[in-house]
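Visitor:
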Amino acid sequence: MLYLTRKIGESVIINDNIEVTVVDVRGKSAKLGFTFPPEASVLRRELYERIQEENRAAAAGLPAADGNGSSEPDTGADKS
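If you read the sequence shown in my numbering, its first letter stands for residue 1441, the second for the next number, and so on.
#1: Run the CB neighbour count on Glu1479, radius 10 Å, all protein chains shown included, and call it buried at 16 or more, exposed below.
#2: What residue range does the alpha helix (DSSP H) around Ala1499 cover?
#3: How many Å lie between Asn1447 and Ile1454 at the Cα?
#4: Do you know offhand how far Phe1474's Cα is from Glu1493's?
#5: Rounded to whole angstroms, what's the CA-CA distance from Pro1503 to Val1462? Just pull it up for me.
#6: Buried or exposed for Ser1520, please, with buried defined as at least 16 other CB atoms from any protein chain shown within 10 angstroms of its CB.
#7: Roughly how many angstroms separate the alpha carbons of Val1482 and Ala1499, rounded to a whole number?
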């Protein structure tokens, strides 16, 4: 794993087309901004892992782990 130290406003470039910028730091939390091409996908790790588990369950013919029967992952976004 690569470790970098960045200050607010500084960024790193990944694969020439993804930029991650430190937007704010408060206590032990850092707010990051991402600039990336539309074909790239960025997910929080916990959401990525849940989607992977749901995909494994679907491939095995099992119900989703959350039991809601939905094939749509819950992103936490308001759907109204």
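Glycine included, C-beta positions come from ideal geometry on N, C-alpha and C.
Guide: With the structure as the only source:
#1: Reading the sequence shown from its first residue, position 39 is the one you call residue 1479. Glu1479 sits exposed, since fewer than 16 C-beta atoms from the chains shown fall within 10 Å of its C-beta.
#2: Numbered from its first residue, the sequence shown carries residue 1499 at position 59. For Ala1499, the enclosing alpha helix (DSSP H) starts and ends at Arg1485 to Ala1500.
#3: Reading the sequence shown from its first residue, position 7 is the one you call residue 1447. Reading the sequence shown from its first residue, position 14 is the one you call residue 1454. Per the sequence shown, residue 1447 should be read as Lys rather than Asn. Using only the alpha carbons, I get a separation of about 17 Å.
#4: Taking the sequence shown and counting its residues from 1, the one referred to as residue 1474 is at position 34. Taking the sequence shown and counting its residues from 1, the one referred to as residue 1493 is at position 53. Going from the Cα of Phe1474 to the Cα of Glu1493 covers about 26 Å.
#5: Your numbering for residue 1503 matches position 63 in the sequence shown. Your numbering for residue 1462 matches position 22 in the sequence shown. Between the C-alpha atoms of Pro1503 and Val1462 there is a straight-line separation of about 39 Å.
#6: Indexing the sequence shown from 1 puts residue 1520 at position 80. For Ser1520, the predicted model reports a pLDDT of 47, less than 50, meaning its position is unreliable; a value from the coordinates is still stated below. With fewer than 16 other CB atoms across the displayed protein chains lying within 10 angstroms of its CB, Ser1520 is exposed.
#7: Walking along the sequence shown from the start, residue 1482 turns up at place 42. Walking along the sequence shown from the start, residue 1499 turns up at place 59. Spanning the two alpha carbons is a distance of roughly 23 Å.
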